[in-house]
Every structure is written in structure tokens, then in C-alpha cells.
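Residue numbers (the working numbering): -9 to 166. Cβ atoms here follow ideal geometry from the backbone N, Cα and C, with glycine treated the same way. Quick caveat, the model's predicted, so the values are computed rather than measured. What follows is a short report on a single structure.
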């Protein structure tokens, strides 16, 4: 995947290193329709979560805001740009980059008067037994300690579910 290659380069790694760590990937596309909700504060679009895979590419119909990202304890709306994709880093890239790239906690909210349509393409491990660990070039004994232990994708997927799951850096999210 070209995006992972560019991310590897930005980290000073071999161009294919993130691809090799994450392993062979599959793609799942999900289309979402959120009807208007007269009391959006009383219903959830999609609860706050992080994406467990490598990368997610989100397309949102441009006139309805619905994606929010948690930043320093505050929910920040992500305004869609016409013709642009929103790229969301997943947990597996956060592990492989030793925390340099962050997998953000995000959620989708409903709109009181407008329909919202989005499409997201998830890229994640094809093999559940694939072990993901921080890239060796990003870990040392001095300034860059290992933040994540090697973990199988299937174990991470199980651990990331449940009512009291935590994000990759210990922030609580409300998966369920």
C-alpha cells in the first residue's frame, strides 16, 4: 500500500518496513447512512472507538458534519472537504510506529435535520496470527523505549472490544 510506504519513509525506515510489519492486508468497505434524528444527543451514531486495523479511508458527503475526534479531552469536529478523503491511522500503525503515528479516538454523531452518508474503507491484517511490533529502527535503550509488546492481530482485536476497553495509549473508549 503506497500510503504505508510513504509513512515508512517519513519515519526514516526502509520503504517497505511498515508493510512488512503489518503483513498482508485485506480491505473491507462499509457504507453508512445516518437518518435525521430530532434529538441527536439522545442517540449514538457510532460510539467512540479507535480503528484496530492499519489504515481507514473515510469519504463523507460534504455538507453534513458527523465525524468527531477526541483531542486533549475535547471532541473536535472534522469538517469534510469536497472530493477529499479523511485518513485515519489505525492501532496497528500506532504499534508499528512505536507511537509516533497515533490511532485517534473518534465517533460519528447524528444530525437533527439532515441525512448523513459516509463510506469507509478499512485496511487490516489478512492473517489473524500476524504479529505486529514496533519497528526496530524506532526503538532504542536511550531516547525511544519500546511502547508496545509484540502482539498478534487476533489478540489485539479481542482486547480492543468490550465495554471498558482502552485506546492504544490508555485513553478509555466505549467500544461495545
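Candidates the options, of which the one nearest residue i by Cα
{"i": "residue 18", "options": "96, 54, 62 and 41", "result": "41"}
{"i": "residue 92", "options": "108, 131 and 46", "result": "46"}
{"i": "residue 135", "options": "127, 10 and 141", "result": "127"}
{"i": "residue 72", "options": "81, 21 and 53", "result": "53"}
{"i": "residue 7", "options": "32, 64 and 123", "result": "123"}
{"i": "residue 39", "options": "63, 97 and 141", "result": "97"}
{"i": "residue -7", "options": "121, 81 and 77", "result": "77"}
CA-to-CA distance, residue j to residue i, given in whole angstroms
{"i": "residue 28", "j": "residue 103", "result": "7 Å"}
{"i": "residue 153", "j": "residue 36", "result": "Only weak support exists for where residue 153 lies, its pLDDT of 47 falling under 50; the value from the coordinates is given anyway. Taking the straight line joining both Cα atoms gives about 14 Å."}
{"i": "residue 138", "j": "residue 85", "result": "6 Å"}
{"i": "residue 233", "j": "residue 55", "result": "The structure shown has nothing for residue 233, since the chain only spans -9 to 166."}
{"i": "residue 125", "j": "residue 4", "result": "10 Å"}
{"i": "residue 9", "j": "residue 57", "result": "27 Å"}
{"i": "residue 75", "j": "residue 132", "result": "38 Å"}
{"i": "residue -9", "j": "residue 2", "result": "17 Å"}
{"i": "residue -4", "j": "residue 113", "result": "16 Å"}
{"i": "residue 22", "j": "residue 141", "result": "31 Å"}
{"i": "residue 33", "j": "residue 147", "result": "26 Å"}
DSSP-derived helix/strand/coil call for residue i
{"i": "residue -1", "result": "helix"}
{"i": "residue 15", "result": "strand"}
{"i": "residue -8", "result": "helix"}
{"i": "residue 146", "result": "helix"}
{"i": "residue 166", "result": "Because the pLDDT of residue 166 is 41, which lies under 50, any placement of that residue in the model is unreliable, and the number read from its coordinates should be weighed accordingly. If DSSP states are grouped into helix, strand and coil, residue 166 belongs with coil."}
{"i": "residue 137", "result": "coil"}
Any non-hydrogen atom of the ligand MN within 7 Å of residue i CB
{"i": "residue 48", "result": "With respect to small molecules bound, the structure shown includes none, and the ligand MN cannot be examined in it."}
Sequence-distant residues of the same chain with beta carbon closer than 6 Å to residue i, five excluded per side
{"i": "residue 24", "result": "35, 100 and 106"}
{"i": "residue 83", "result": "44 and 91"}
{"i": "residue 79", "result": "91 and 93"}
{"i": "residue 50", "result": "70 and 108"}
{"i": "residue 60", "result": "95"}
{"i": "residue 20", "result": "110"}
{"i": "residue 67", "result": "55 and 58"}
7 Å Cβ shell around residue i - same chain, five flanking residues per side excluded
{"i": "residue 144", "result": "118 and 119"}
Same chain, Cβ closer than 8 Å to residue i, five either side skipped, listed in chain order
{"i": "residue 116", "result": "13, 14, 15 and 16"}
{"i": "residue -1", "result": "5"}
{"i": "residue 129", "result": "88, 135 and 136"}
{"i": "residue 30", "result": "99, 100, 101 and 102"}
Every unbroken beta strand (DSSP E) within the stretch 38 to 115, with a cutoff of 3 residues, ordered by chain: 45 to 50, 57 to 61, 64 to 67, 76 to 79, 96 to 98 and 106 to 115
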